[in-house]
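Participant: This is the structure I have questions about; it appears just below.
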Amino acid sequence: MALAAKRGTVTGGGDELVDAMYAGSKAPLRPLHDRVIELVRGFGPDVELAPKQAYVSLRRSKQFGTVGPGPGGRLEIGLNLKGEEAGGRLELASGMCTHRVRLASPEEIDADVTGWLREAYARA
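Written out as structure tokens, the structure is:
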């Protein structure tokens, strides 16, 4: 059940999926995940969070990104930024997102990451 009337809504069953996603060896990534979610929720009341088994889908009128544990002990943020050039930490991706950025520490959630997330949100 989606609770679309509330800001930063989470689709039904979300807490259990997110807890399972960050169990065991991936537990150190949970604080990074939580900071990214807090940041995204600040973009507007129309942000919807839809947890899946391996990631959380970030939606507005359509999906603008994903966040979940990635390879190498890093948090992976997928972004829908069609037409944007890749460079530095912003990498090209395949699949449902056009780009990705991988984070290993809280300090990496900086102005660049915020800008990429905000731009993806604005395009959705």
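Numbering (this note's numbering), first residue to last: 11 to 134. Every residue gets a Cβ at the ideal spot worked out from N, C-alpha and C, and that includes glycine. Predicted, not measured: the structure shown is a model, and the values here were computed from it.
Please identify the residue among Y65, A60, A37, P81 whose C-alpha is closest to the C-alpha of K72.
Facilitator: Walking along the sequence shown from the start, residue 72 turns up at place 62. Looking at the Cα atoms, A60 is the closest of the given residues.
Participant: Buried or exposed: A64, going by 16 or more other Cβ atoms within 10 Å of its Cβ?
Facilitator: Numbered from 1 along the sequence shown, position 54 holds the residue referred to as residue 64. By the 10 Å Cβ count, A64 comes out exposed.
Participant: Answer with buried or exposed for A130, where buried requires no fewer than 16 other C-beta atoms within 10 angstroms of its C-beta.
Facilitator: Within the sequence shown, numbered from 1, the residue matching residue 130 stands at position 120. Per the 10 Å Cβ criterion, buried.
Participant: When we look at the beta-carbon of G88 and count the other beta-carbons within 10 Å, is it buried (16 or more) or exposed?
Facilitator: Looking up residue 88 in the sequence shown gives position 78. Result: buried.
Participant: Thinking C-beta only, is T124 closer than 8 Å to L49?
Facilitator: For the purposes of this step, residue 49 is taken as the residue at position 39 of the sequence shown. For the purposes of this step, residue 124 is taken as the residue at position 114 of the sequence shown. Cβ atoms of L49 and T124: closer than 8 Å.
Participant: Kindly list the residues whose CB is nearer than 7 Å to the CB of R40, restricted to its own chain and excluding five residues on each side of it in sequence; keep chain order.
Facilitator: For the purposes of this step, residue 40 is taken as the residue at position 30 of the sequence shown. Taken in chain order, the residues that qualify are Y32.
Participant: DSSP has R110 in a bridge; who is on the other side?
Facilitator: One-based indexing of the sequence shown puts residue 110 at position 100. R110 pairs with G88, E101.
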